Each structure stands twice: as structure tokens, then as C-alpha cells.
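Just so you know, the sequences run in chain order A and B.
Here the first sequence is numbered in the working numbering, starting from 25 and rising by one per residue.
Here the second sequence is numbered in the working numbering, starting from 43 and rising by one per residue.
Notes for the one structure printed next.
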Amino acid sequence: MPVIHSRSAGAPACELVQELVSELKEPHESGQPIILRNAIGESDAFNVYVIWDRWEGLSAPDRSATIREAFNNYDPSITSKIPIAEGRTPAEAISEGLLPVSIKPLLRRDDPYSTDEIREAMKAAGAFETPNGPQLRFARIEDAEEIYRRLNKSFPAIFALVVEEPRWE
Amino acid sequence: MPILLAKRVGTDTVPKLEQAADQRAQDAEALMSQGHALAAIYLFGYEAETRIKVAYFRFFFKHVQPPLDPLTPISHQLRNDATSEWLTLGLSVRPGPHDISGWAKLLIAKRREKRAAYDRIFEQTFSEQAERISNRWSEVLRYRANIPYAQELRAVREAVAWIRFRFHDL
Numbered sequence: 025m026p027v028i029h030s031r032s033a034g035a036p037a038c039e040l041v042q043e044l045v046s047e048l049k050e051p052h053e054s055g056q057p058i059i060l061r062n063a064i065g066e067s068d069a070f071n072v073y074v075i076w077d078r079w080e081g082l083s084a085p086d087r088s089a090t091i092r093e094a095f096n097n098y099d100p101s102i103t104s105k106i107p108i109a110e111g112r113t114p115a116e117a118i119s120e121g122l123l124p125v126s127i128k129p130l131l132r133r134d135d136p137y138s139t140d141e142i143r144e145a146m147k148a149a150g151a152f153e154t155p156n157g158p159q160l161r162f163a164r165i166e167d168a169e170e171i172y173r174r175l176n177k178s179f180p181a182i183f184a185l186v187v188e189e190p191r192w193e
Numbered sequence: 043m044p045i046l047l048a049k050r051v052g053t054d055t056v057p058k059l060e061q062a063a064d065q066r067a068q069d070a071e072a073l074m075s076q077g078h079a080l081a082a083i084y085l086f087g088y089e090a091e092t093r094i095k096v097a098y099f100r101f102f103f104k105h106v107q108p109p110l111d112p113l114t115p116i117s118h119q120l121r122n123d124a125t126s127e128w129l130t131l132g133l134s135v136r137p138g139p140h141d142i143s144g145w146a147k148l149l150i151a152k153r154r155e156k157r158a159a160y161d162r163i164f165e166q167t168f169s170e171q172a173e174r175i176s177n178r179w180s181e182v183l184r185y186r187a188n189i190p191y192a193q194e195l196r197a198v199r200e201a202v203a204w205i206r207f208r209f210h211d212l
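Shown next as C-alpha cells:
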């Protein structure tokens, strides 16, 4: 009996669809998923990147199908305006330059705070867990500013706001 | 004796080019997913070039007098004739064979000439996406081993995705 392989267009993950729809309806100020809607010039079209550690293990077509299904549930009239709808884990997003703004701790030996305190503060502010420790990453400076202000208030002179990569858009 | 591939390809036609553009899109995505960024950009660029040329000739065949069959071969002469109008159409430079931005400008200008101009925002977006690709792509990439930045790949891919997305409106 021959084995026939066919390419799947991607199947939406129902549970993730629901969570995304909730996020679209009532966006949180911080945390995941992060939904980037990148406008295309002055047109009404936009590309969508959803950054979420829940994508781990899910194929690219399944991630795209999940996002499109969520947008369709949220507002069917806008799904025809989305050329790209893709999911990225935080590590993928960082390596692709989708989150070029970061808030980095510059802890010195004689500072009155411990590494653990700083780590916990970063996690509470929505830091991603990465192999290099927690990272506070943002798509735009304006997304980082409020969190940077709050962290600076609690831990003066510890954090720096950095735009790491050039925007080669 | 079977006819070998290079002899089997035949002449360009609108349907063949359209099919080729779809194939290049798949090839580019496959290369991108395997981490071959430069090769992906190279093929995305060809996808864009092919789609813009399809859009041009699809329009041209309908609006030339008398109209031409959509299956008319797109000969070297036909391409030459198309770009030779650059001055009368108001372009500042004659588009080269792989000048993505130039061919986009040619299509925009040809449509205007035939009173079938795009609406302002569509034209501007089309022009911007073609420019975005042109700034990062050249057919010379095939002779290079540069490593693109991730943002460069994303910029080209997004711009080509928009052209693909709105292909039937071009």
C-alpha cells in the first residue's frame, strides 16, 4: 500500500484560540501573549506576530491557523486584511529582531539589592524566561517606558533601557 | 530521446509566470525555515519581480489595441518595448530587467496612462513595498554568501507577502 504524504494547511489549537480572542477583546498591559499588529504603510492591512511561549511544540502552520481563527472570531471583517499572521516563541522573536527594546539590569557588587530580588522584579514586570535568564523585551520604546519608570522607582539606578539592534525596516 | 529541462521550459506566458511566482514563494519559505536566509531573500525577490511583471503584462494585454490573448508569449522584444516607454510615462530611469521598484513604477505609470490608476493609498503602499524589496535585493545575491540580518529577511518577506496578498488587485 503506497504511503501518501500531504501538506497540512495547519489546524488551529482551540484552547489557544480562545485565549487569544480574550486577549484581543481585553488586552493586558503586560505578560503574554504579545500581539504585534504591524501596519503596512497607510493601508488598512497589517501583519500580525503573536509572541507566546505556548507556541512551543506547535508547527508554524498550526500557529498561523490558530491566530487567523482567533482574529476571525474576534472580528471577521479584518481577517481579509492580514497578509502575515504568525506565532513566535519569545526566543524566536528576540532572535528575529521583533523585540529590539530591552530593559537590562546593571547590578553592581555594592548595590543594596540581590540578584534574586532583581530577577523576581523582572518576572513580575513580564520578563521572558530564556536560557540566559529573565529578559524584559519590547517591540517599541513606548511599550517599555512605563515599566522602566516603575522599575527605576523601586530600584533606582539599576536598570537601563536599551535599543539593542538597529531597526533595519 | 526525452527533451531535457532547459529545453522544456519554453517561452514565458502570464500563466507560466504566475505559476512560477507561486513556486518561488514556496521555495523561499522552505529555505527560510531551514535557516538559509540569503537564498530565501533571493527567491522572495524573484517572486516579487515575477508577480509585478505578470501584473504588468496582464494589464497590458487587455489594454493594448487590439487586445492580446492572455497566453501571448512574453518575448524579449515585448519586455524591451515595455521598458522603452519609461520616458514618455514619466519615469526618471529605464527599469532594468530585475529592477523590482522600476517595474512597479512602470506598472503604476502604465495604469495611469490608461486611466486605470490605483487609488492613492494602494499605489503608495505598492510603491513602498517594491522599494522595501529593491533596497535589500539584487539578482547579484546569487553570486554572494553574505549573511542577512534577521530584520532584512523579515522586511523582504513582509513586502513580498503584501504583493502576493494583493496580487489580484495589481
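From the three backbone atoms N, C-alpha and C, an ideal C-beta is built for every residue, glycine too.
Treat the numbers as computed from the prediction; the structure is a model and nothing was measured.
By the rule that beta-carbons nearer than 8 Å mark a contact, residue 179 (chain B) does not touch chain A. Taking the beta carbon of residue 69 (chain A) as reference, the chain B residues within 9 Å of it are 167, 204, 207, 208, listed in sequence order. Listed along the chain, the chain A residues whose CB falls inside 8 Å of the CB of residue 164 (chain B) are 67. Among the residues facing chain B, residue 121 (chain A) is included, as its CB has a counterpart in that chain under 8 Å away. Contact check between the region 164 to 180 of chain B and the region 109 to 127 of chain B: fewer than three CB pairs, one atom from each, fall below 8 Å, which does not count as touching. Under the 10 Å beta carbon count, residue 115 (chain B) is surrounded by fewer than 16 other beta carbons and is classified as exposed. When the alpha-carbon of residue 78 (chain A) is set against those of A:116, A:173, A:69, the nearest one is in A:116. Under the DSSP assignment, residue 63 (chain A) falls in the beta strand (DSSP E) whose first and last residues are 58 to 63.
Annotated three-state conformation of residue 73 (chain A) is strand, per DSSP. With the criterion set as a beta carbon lying under 9 Å from some beta carbon of chain B, the members of the region 78 to 99 of chain A are 84, in sequence order.
In the DSSP annotation of this structure, the continuous segment of the alpha helix (DSSP H) that includes residue 43 (chain A) starts and ends at 38 to 49. Between the beta-carbon of residue 41 (chain A) and that of residue 93 (chain A) there is about 5 Å, and that keeps the pair under the 8 Å contact cut. Taking CB atoms only, residue 117 (chain B) has no neighbour in chain A less than 8 Å away. For residue 126 (chain A), the enclosing beta strand (DSSP E) stretches over residues 125 to 129. Contact between residue 60 (chain A) and residue 45 (chain A) fails: their C-beta atoms lie close to 17 Å from each other, not under 8 Å. When only Cα atoms are considered, residue 209 (chain B) and residue 144 (chain A) end up about 49 Å apart. The secondary-structure analysis by DSSP pairs residue 152 (chain A) across a beta bridge with A:159.
Of the candidates A:126, A:149, A:162, A:149 places its Cα closest to the Cα of residue 174 (chain A). Per DSSP, reduced to three states, the secondary structure at residue 111 (chain A) is strand. DSSP lists A:128 as the bridge partner or partners of residue 184 (chain A). If you check each beta-carbon in the region 180 to 194 of chain B against every beta-carbon of chain A, the ones closer than 7 Å belong to 191, 192, 193, 194. Nearest neighbour of residue 207 (chain B) by Cα position, chosen from B:93, B:156, B:76, turns out to be B:93. When the Cα atoms are used, residue 193 (chain B) and residue 55 (chain A) turn out to be separated by approximately 24 Å.
Taken through DSSP and simplified to helix, strand or coil, residue 59 (chain B) comes out as helix. Under the Cβ criterion (8 Å, minimum of three pairs), the region 127 to 138 of chain A counts as touching the region 166 to 186 of chain A. By the CB criterion at 8 Å, residue 109 (chain B) and residue 103 (chain B) fall inside the cutoff. 8 Å or more divides the Cβ of residue 204 (chain B) from the Cβ of residue 87 (chain B). With fewer than 16 other beta carbons inside 10 angstroms of its own, residue 184 (chain B) counts as exposed.
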